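Student: Here you go, one structure.
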């Protein structure tokens with residue numbers, strides 16, 4: 243694969259390779275690999291970029307999430323395909339137990355902004371995102 247870099251990008255990768263004691267090619271390869279690994283493909287053309295903590299629709303437009311929605315979504319992505327318990331969710335987002343209706347409201351808002359099946363729930367167990 244051939245990649246053309248302008249002077250600024252070449253300088254960036256040159257400095258990065260010196261810091262990491264690698265070749266420029268190795269630095270570019272790692273950078274591209276890290277970027278590719280940060281993307282989680284979801285259904286309906288949606289995807290989540292873990293590095294920027296942003297959800298995108300099939301038109302590559304950012305789905306704006308509130309801070310709580312983002313924290314919740316990021317927690318589920320970090321535990322992709324596994325149920326996250328209600329207690330773990332409460333502790334991670336609020337540091338204490340809150341009303342189940344507060345959590346359900348967050349789930350409802352995310353589903354409204356994206357699509358219903360993006361979040362799977364199992365009563366009294368928890369929530370997950372399936373990729």
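Numbering (this note's numbering), first residue to last: 243 to 373. Glycine included, C-beta positions come from ideal geometry on N, C-alpha and C. Being a predicted model, the structure only gives us computed values, none of them experimental.
Counting only the same chain and skipping the five closest in sequence on each side, list residues whose C-beta sits under 8 Å from that of residue 357.
Tutor: Mapped onto the chain shown, residue 357 falls at position 115. These residues qualify, in order along the chain: 285, 286, 288.
Student: When you compare only the Cα positions, how much space is there between residue 249 and residue 354?
Tutor: Stepping through the chain shown from its first residue, residue 249 is reached at position 7. Stepping through the chain shown from its first residue, residue 354 is reached at position 112. Approximately 44 Å between the Cα atoms of the pair.
Student: So what's residue 288 in DSSP terms, helix, strand or just coil?
Tutor: For this step, residue 288 is matched to residue 46 along the chain shown. In this structure, residue 288 counts as coil in the three-state DSSP scheme.
Student: Report yes if the CB atom of residue 316 is closer than 7 Å to the CB atom of residue 295, and no otherwise.
Tutor: Your numbering for residue 316 matches position 74 in the chain shown. Your numbering for residue 295 matches position 53 in the chain shown. In contact: residue 316 and residue 295 (Cβ atoms closer than 7 Å).
Student: Where does residue 255 land, buried or exposed, given buried means 16+ other C-beta within 10 angstroms?
Tutor: Taking the first residue of the chain shown as 1, we reach residue 255 at position 13. Buried, by the Cβ-count rule.
Student: Quick one: measure Cβ to Cβ for residue 280 and residue 292, integer angstroms, because I've assumed they're closer than 8 Å.
Tutor: Indexing the chain shown from 1 puts residue 280 at position 38. Indexing the chain shown from 1 puts residue 292 at position 50. So it is a contact: roughly 4 Å between Cβ atoms.
Student: Just the C-alpha distance for residue 262 and residue 324, rounded to the nearest angstrom, thanks.
Tutor: Residue mapping note: residue 262 aligns to position 20 of the chain shown, counting from 1. Residue mapping note: residue 324 aligns to position 82 of the chain shown, counting from 1. When rounded, the distance between both Cα atoms is 35 Å.
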